[in-house]
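When we follow my numbering, the leftmost residue of the sequence shown carries the number 156, and every step to the right adds one.
Just below is one structure, and these are the notes that go with it.
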Amino acid sequence: MGGQRNKHYGKKRKAQDDAGDVAPGHLTKNDECKIIVLNFGQWSEKDELTKVLEASGHSFKAVQKLNKLSYGFIIYEDKEQRDAALSVLAEIEWKNGEKLEVKAALPKRSLKPMAKSDDASSGEPGALKTVIEAVTPWHNVDYAEQLERKEDAMKKVLVKIVRQTRKEFADKQKRVLEERKRMRKQQKVETIHDVVGGPALEVPVPEWLDATGSLYIVANETLYEQVLSSIENPWVARAKAEGIIGLVTFASELVGVHRDGSLHTYQKHTTSWRYLSNGPTAAVTSLASLRGHLLCATANGDIVRRVVKGRRDVIEWVTLATGLGHVSAMSVHQGFLYVATATGWVKAPLGPEATSVLEFAPAPEMPYPRVHGLTSHDAKLIFVQSTEDAARVEIVHVETDGTLVSRTNIDAATSIQGFASHKGLCCPMEPIAASPILEGYRNKCEFTFGYDVEHKPVVGFRVGMFKEGVVAVGVADECINVPQVMKDICRTFQAHLETSSMPVYDVMTHEGVWRLLTIRLSQRTNQIMLMIQANPSSVDAEAWTTEKTALVETLTAAHPAISSMFVQEYTGVSAPTEDHPIEHVFGATTIEEELLGLKFRISAQAFFQVNTPGAEVLYSLVKRFAAASDATQVYDVCCGTGTIGICVAQDARKVIGVELCKAATDDAAVNAELNNIRNISFINSKAEDVMKELLKKKPEGEGAEFLKEAVAIVDPPRAGLHTKVLRSLRDTRPVKRIVYVSCNPTVSLINDATTLCGPCTSNLRGTPFKPVFAAPVDMFPHTEHCEMIIVFERVDV
Numbered sequence: 156m157g158g159q160r161n162k163h164y165g166k167k168r169k170a171q172d173d174a175g176d177v178a179p180g181h182l183t184k185n186d187e188c189k190i191i192v193l194n195f196g197q198w199s200e201k202d203e204l205t206k207v208l209e210a211s212g213h214s215f216k217a218v219q220k221l222n223k224l225s226y227g228f229i230i231y232e233d234k235e236q237r238d239a240a241l242s243v244l245a246e247i248e249w250k251n252g253e254k255l256e257v258k259a260a261l262p263k264r265s266l267k268p269m270a271k272s273d274d275a276s277s278g279e280p281g282a283l284k285t286v287i288e289a290v291t292p293w294h295n296v297d298y299a300e301q302l303e304r305k306e307d308a309m310k311k312v313l314v315k316i317v318r319q320t321r322k323e324f325a326d327k328q329k330r331v332l333e334e335r336k337r338m339r340k341q342q343k344v345e346t347i348h349d350v351v352g353g354p355a356l357e358v359p360v361p362e363w364l365d366a367t368g369s370l371y372i373v374a375n376e377t378l379y380e381q382v383l384s385s386i387e388n389p390w391v392a393r394a395k396a397e398g399i400i401g402l403v404t405f406a407s408e409l410v411g412v413h414r415d416g417s418l419h420t421y422q423k424h425t426t427s428w429r430y431l432s433n434g435p436t437a438a439v440t441s442l443a444s445l446r447g448h449l450l451c452a453t454a455n456g457d458i459v460r461r462v463v464k465g466r467r468d469v470i471e472w473v474t475l476a477t478g479l480g481h482v483s484a485m486s487v488h489q490g491f492l493y494v495a496t497a498t499g500w501v502k503a504p505l506g507p508e509a510t511s512v513l514e515f516a517p518a519p520e521m522p523y524p525r526v527h528g529l530t531s532h533d534a535k536l537i538f539v540q541s542t543e544d545a546a547r548v549e550i551v552h553v554e555t556d557g558t559l560v561s562r563t564n565i566d567a568a569t570s571i572q573g574f575a576s577h578k579g580l581c582c583p584m585e586p587i588a589a590s591p592i593l594e595g596y597r598n599k600c601e602f603t604f605g606y607d608v609e610h611k612p613v614v615g616f617r618v619g620m621f622k623e624g625v626v627a628v629g630v631a632d633e634c635i636n637v638p639q640v641m642k643d644i645c646r647t648f649q650a651h652l653e654t655s656s657m658p659v660y661d662v663m664t665h666e667g668v669w670r671l672l673t674i675r676l677s678q679r680t681n682q683i684m685l686m687i688q689a690n691p692s693s694v695d696a697e698a699w700t701t702e703k704t705a706l707v708e709t710l711t712a713a714h715p716a717i718s719s720m721f722v723q724e725y726t727g728v729s730a731p732t733e734d735h736p737i738e739h740v741f742g743a744t745t746i747e748e749e750l751l752g753l754k755f756r757i758s759a760q761a762f763f764q765v766n767t768p769g770a771e772v773l774y775s776l777v778k779r780f781a782a783a784s785d786a787t788q789v790y791d792v793c794c795g796t797g798t799i800g801i802c803v804a805q806d807a808r809k810v811i812g813v814e815l816c817k818a819a820t821d822d823a824a825v826n827a828e829l830n831n832i833r834n835i836s837f838i839n840s841k842a843e844d845v846m847k848e849l850l851k852k853k854p855e856g857e858g859a860e861f862l863k864e865a866v867a868i869v870d871p872p873r874a875g876l877h878t879k880v881l882r883s884l885r886d887t888r889p890v891k892r893i894v895y896v897s898c899n900p901t902v903s904l905i906n907d908a909t910t911l912c913g914p915c916t917s918n919l920r921g922t923p924f925k926p927v928f929a930a931p932v933d934m935f936p937h938t939e940h941c942e943m944i945i946v947f948e949r950v951d952v
């Protein structure tokens, strides 16, 4: 029910599934005894690490590594041995002179469907739900809270884009070093610097990736910032920080705690502080962030975890540890939470149980007295300490060999109230745009024919996921995102089912006739289109013709707004292709919708945004971000019925739309004519098959300057853009800006952004892009789905 164009989901497995960012599951003995090695290396063998560990005298049970995965595991005899090994492993040198990057492995999420349950309230995968829970899982969540959740999720998307892109540059640097080492041996020279030819030794990292991190300090009730690119960078006053006594980077936010106990987030664009929530009952002495959880050390010696109970400002605090005494600083580093107490340093391993309980032990590897603030950046500790005479404070960072290096200090600062390393977002993000309407907003719904829990034939929505073994269907009467007229049509069809001799389709036996009912509704003209998918292979041809005629008469008599009807005959098991033939059985072949003052005709199989008022918000933002002028050539990739391109064409020199679905490009051409738009054309093809030539070939009648300034607007399906399209966009210099509209920002947008912004390779040429602006749009109230717009520009623009 989200804005899904197809049902292909990426199945790329990530190391985080084992290292964190997953819901804790059932712990096996192996899970408790594993350490994940995040920088194992895709092409490294387990025997290589085994030899390194044995050479260092390290005691372990086994090394585990699957081919072509970039991470692996070290297994120990018991949990205690595993915890003791974390700090030891972090000092063992691996490849290219880097240390092992390790964490305690969290339990894996099972990929097996869970057993079916009759408990509709369980919420577990595979459990039967009510229809409203299956279709609109956030129906009972306040809308303001829904927007907060989605906005937070989109900020995490931007953070992940940075992490994944940085990793691509780091991986290329490793490949370069390996190649230079190979060439050194081949050329028999002394060092890799003496190698002749080959790749450049240094892989330059774009400034937007390298300079996103800063240190922040609160001193003299002022917030200061030092960009982390150099230890000699000056400290710059950024904002007033009256009453702020502690800082921490939390998700994408810089969070400060006020002396009254309240928590606030720093708003960089306004240089102000915004209230986040109340703090714990006891006064806060230090802050830390752990796997998306905010931790506070309190004056009574406890460490507590913040738990959100709905809205961001409705929270409770859960105790993780007690009896620590006064905590002056704490931070997560190399798989441990390090805490500076009045009696010395202690540490707690960050295993799977760390968000429930923290177990501390002495930390002799931290011989640093007088520490008042602690953070880490790029696996290096940075802390604030007072001088021996207590006359002033100094800021130092710890090199990998233990050497202390002083950073530029704030002049005349004798005390520091807050200290944190913070990277923030890779680009500014607008507040999420709300949907103009919250109920009955869908202009298209695909209803399933099937059997309810009592095995009665119904038309509605499946009450769970088919891949998890749920096949029961429930009526849509309570679904708040479905317009009432669609519910009424379903009721009419339901009555027809009860008298029809033709059964509904059974997805288990693949027998039956009625499969799907797709209803489209123009929210501006009130026209309705139906498309019925059926499998009449078991029915006599004459009887099937009679049935279709009777159905048309029944539905149109009960619902005069129905202006168009189609039937699609399909005997396959999975979904048909987009161009599978359909039969027109009643009325017009299209319905008409209005959007931003323009008219659009929509055919049965064409894509159109499911929330018309929401689409107006979305396209208005796209139009603004495209910033087209009479010198701009716009490429509308995955253009559907041409809605975005036609909206932008009024400002552009020329628009070219590319779309796979033939019905959609036919509609697009009609829509351009309908709105008297002459500077737009459409190509019916896979974008990956034509984009390279399209971006480089001069169209007939165009001069040499035809592509002086180009903007690409891409609105791909959930799977994202094809690799060939991404390569073509990278390799065509006149494309200075890309406006990317994503219906799957948490997966395909991150992957595509990494390709657009990552380093050049043998297959990926052209100057990379960088994200410069983002704007989430809520098109699907009461669900977790959200659209995201990101603007990318060439790094050299």
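Every residue gets a Cβ at the ideal spot worked out from N, C-alpha and C, and that includes glycine.
This one's a predicted model, so the numbers in the text were calculated from it and none came from an experiment.
Can you tell which of Ala-396, Thr-474, Ile-571 and Gly-434 has the C-alpha that lies nearest to the C-alpha of Ser-483?
Translated into the one-based positions of the sequence shown, residue 483 becomes position 328. Nearest option by C-alpha distance: Ile-571.
For Lys-778, count neighbouring C-beta atoms within 10 Å of its own C-beta (all shown protein chains included) and say buried if the count is 16 or more, exposed if not.
Here residue 778 is taken as the residue at index 623 of the sequence shown, counted from 1. Only buried fits Lys-778, as 16 or more other CB atoms lie within 10 angstroms of its CB.
Use the C-beta contact count for Tyr-231: other C-beta atoms within 10 angstroms, 16 or more gives buried, fewer gives exposed.
In the sequence shown, counting from the first residue as 1, residue 231 sits at position 76. Counting other Cβ atoms within 10 Å of its Cβ, Tyr-231 reaches 16 or more and is therefore classed as buried.
Rounded to the nearest angstrom, what separates Ser-958 and Leu-450 at their Cα positions?
Residue numbering for the chain in the displayed model covers 156 to 952; residue 958 lies beyond these limits and cannot be assessed.
So, for Val-312: in the same chain, excluding its five sequence neighbours on each side, which residues have a beta-carbon less than 7 Å away from its beta-carbon?
By one-based count along the sequence shown, residue 312 stands at place 157. If we look at Val-312 and ignore the five residues flanking it on each side, its Cβ neighbours are Pro-900, Thr-901, Leu-904, Ile-905 and Met-943.
Cβ shell of Asp-127 (< 6 Å), same chain only, five flanking positions each side left out
The chain is shown from 156 up to 952; residue 127 falls before or after that span and cannot be answered.
On the CB-based measure, 16 or more other CB atoms within 10 Å of its CB, does Met-657 come out buried or exposed?
For this step, residue 657 is matched to residue 502 along the sequence shown. A buried status is given to Met-657, since no fewer than 16 other beta-carbon atoms sit within 10 Å of its beta-carbon.
Could you check the C-alpha separation between Val-772 and Phe-763 for me, to the nearest Å?
The residue you call residue 772 lines up with position 617 of the sequence shown. The residue you call residue 763 lines up with position 608 of the sequence shown. Within the model, the alpha-carbon separation for Val-772 versus Phe-763 is close to 14 Å.
Could you pull out every residue in the same chain whose Cβ sits closer than 8 Å to the Cβ of Asn-636, ignoring the five residues on either side in sequence?
Along the sequence shown, read from residue 1 onward, the residue named residue 636 stands at position 481. The beta carbon of Asn-636 sits closer than 8 Å to the beta carbons of Met-156, Val-290, Thr-291, Glu-594, Gly-595, Tyr-596, Arg-597, Phe-935, Pro-936, His-937 and Thr-938 from its chain, once the five residues preceding and following it are set aside; these are given in chain order.
Local conformation of Cys-912 per DSSP, three classes:
By one-based count along the sequence shown, residue 912 stands at place 757. Helix at Cys-912.
Among residues of its own chain, excluding the 5 on either side of Ala-689, which ones have a beta-carbon nearer than 7 Å to its beta-carbon?
The residue labelled residue 689 in the question sits at position 534 within the sequence shown. For Ala-689, where only same-chain residues beyond five positions count, the Cβ hits under 7 Å are Val-668, Trp-669, Arg-670, Val-722 and Glu-724.
With 16 as the cutoff for other CB atoms within 10 Å, does Pro-638 come out buried or exposed?
Sequence index remark: in the sequence shown, residue 638 carries index 483 (1-based). Buried: at least 16 other Cβ atoms inside 10 Å.
Inspect the beta-carbon positions of Leu-418 and Leu-409 and report whether they are closer than 9 Å.
As a working mapping, residue 418 is identified with position 263 in the sequence shown. As a working mapping, residue 409 is identified with position 254 in the sequence shown. For Leu-418 and Leu-409, no; Cβs fall outside 9 Å.
I need the straight-line Cα distance from Phe-947 to Ala-782, nearest angstrom please.
The residue you call residue 947 lines up with position 792 of the sequence shown. The residue you call residue 782 lines up with position 627 of the sequence shown. Straight-line Cα distance between these residues: approximately 13 Å.
Integer-rounded CB distance, given that Ala-716 should sit under 8 Å from Gln-682:
Locating residue 682 in the sequence shown gives position 527, counting from the first residue. Locating residue 716 in the sequence shown gives position 561, counting from the first residue. Between Gln-682 and Ala-716, the beta carbon gap of about 7 Å places them in contact (Cβ cut-off 8 Å).
Glu-362: which of Lys-925, Val-932, Cys-941 and Val-640 sits nearest, CA to CA?
Indexing the sequence shown from 1 puts residue 362 at position 207. Residue Lys-925 is the option with its Cα nearest to Glu-362.
CA nearest to the CA of Ala-437, picked from Cys-898, Gln-805 and Gly-416
Working through the sequence shown from its first residue, we reach residue 437 at position 282. Its Cα nearest to that of Ala-437, the residue Gly-416 stands out among Cys-898, Gln-805 and Gly-416.
Between Met-657 and the ligand NAD, is there a pair consisting of the residue's CB and a ligand heavy atom that are separated by less than 8 Å?
Here there are no bound small molecules, and the ligand NAD is not part of this structure.
Ordered list of beta strand (DSSP E) runs contained in the stretch 807-890, each at least 3 residues
Listed in chain order, the complete beta strand (DSSP E) runs (minimum 3 residues) inside the stretch 807-890 are 809-814, 835-839 and 865-869.
Measuring only the C-alpha atoms, how far is Glu-303 from Leu-431?
Stepping through the sequence shown from its first residue, residue 303 is reached at position 148. Stepping through the sequence shown from its first residue, residue 431 is reached at position 276. Roughly 12 Å between the two C-alpha positions.
Val-932 (DSSP reduced to helix, strand or coil)
Your numbering for residue 932 matches position 777 in the sequence shown. DSSP places Val-932 within a strand segment (E or B) once states are collapsed to three.
If you scan the stretch 432-483 from start to end, which runs of the beta strand (DSSP E) of 3 or more residues do you find wholly inside it?
Runs found: 439-445, 448-453, 458-463 and 470-476.
Counting Cβ pairs closer than 8 Å, one from the stretch 732-743 and one from the stretch 790-797, do we hit at least three?
As far as the Cβ criterion goes, the stretch 732-743 does not touch the stretch 790-797, which means the pair count is below three.
Just the C-alpha distance for Leu-750 and Leu-829, rounded to the nearest angstrom, thanks.
Stepping through the sequence shown from its first residue, residue 750 is reached at position 595. Stepping through the sequence shown from its first residue, residue 829 is reached at position 674. Going from the Cα of Leu-750 to the Cα of Leu-829 covers about 13 Å.
Through-space distance from Val-551 to Val-539, alpha-carbon basis:
Here residue 539 corresponds to residue number 384 of the sequence shown, with the count starting at 1. Here residue 551 corresponds to residue number 396 of the sequence shown, with the count starting at 1. Put simply, the backbone Cα of Val-539 is about 7 Å away from that of Val-551.
How big is the Cα-Cα spacing for Ala-454 and Val-473?
Taking the first residue of the sequence shown as position 1, residue 454 is located at position 299. Taking the first residue of the sequence shown as position 1, residue 473 is located at position 318. Rounded to the nearest angstrom, the two C-alpha atoms are 15 Å apart.
Give the DSSP bridge partners of Ala-588, in chain order.
Residue mapping note: residue 588 aligns to position 433 of the sequence shown, counting from 1. In the DSSP output, where bridge partners are listed per residue, Ala-588 has Val-932.
How big is the Cα-Cα spacing for His-665 and Asn-433?
Residue numbering aside, residue 665 sits at position 510 when the sequence shown is read from its first letter. Residue numbering aside, residue 433 sits at position 278 when the sequence shown is read from its first letter. Straight-line measurement puts the Cα of Asn-433 at about 56 Å from the Cα of His-665.
Using only the alpha-carbon positions, how far apart do Gln-760 and Glu-748 sit?
Taking the first residue of the sequence shown as position 1, residue 760 is located at position 605. Taking the first residue of the sequence shown as position 1, residue 748 is located at position 593. A straight line joining the alpha-carbon of Gln-760 with that of Glu-748 spans about 15 Å.
Proximity below 9 Å, CB of Thr-404 to CB of Ala-534:
Taking the first residue of the sequence shown as 1, we reach residue 404 at position 249. Taking the first residue of the sequence shown as 1, we reach residue 534 at position 379. At the C-beta level, Thr-404 and Ala-534 stay beyond 9 Å of one another.
Please tell me whether Ala-908 and Tyr-895 are closer than 9 Å, where the distance is taken between their beta carbons.
Reading the sequence shown from its first residue, position 753 is the one you call residue 908. Reading the sequence shown from its first residue, position 740 is the one you call residue 895. Taking 9 Å as the Cβ cut-off, Ala-908 and Tyr-895 qualify as a contacting pair.
Do Lys-189 and Arg-237 count as a contact pair if the criterion is CB distance below 9 Å?
Residue numbering aside, residue 237 sits at position 82 when the sequence shown is read from its first letter. Residue numbering aside, residue 189 sits at position 34 when the sequence shown is read from its first letter. Against a cut-off of 9 Å, the Cβ pair of Lys-189 and Arg-237 comes out as a contact.
Could you tell me whether the stretch 485-499 touches the stretch 524-531, where touching means 3 or more Cβ pairs closer than 8 Å?
Touching, yes.
From Asn-831, Thr-796, Ala-804 and Ala-239, pick the residue whose C-alpha is nearest to that of Leu-815; which is it?
One-based indexing of the sequence shown puts residue 815 at position 660. It is Thr-796 whose Cα lies nearest to the Cα of Leu-815.
If you check the beta carbons only, do Val-115 and Cys-645 fall under 9 Å apart?
No answer is possible for residue 115: it lies beyond the span of the chain, which begins at 156 and ends at 952.
Apart from the five residues on each side of it in sequence, which residues of its chain come closer than 7 Å, Cβ to Cβ, to Val-553?
Numbered from 1 along the sequence shown, position 398 holds the residue referred to as residue 553. Taken in chain order, the residues that qualify are Lys-535, Leu-536 and Leu-559.
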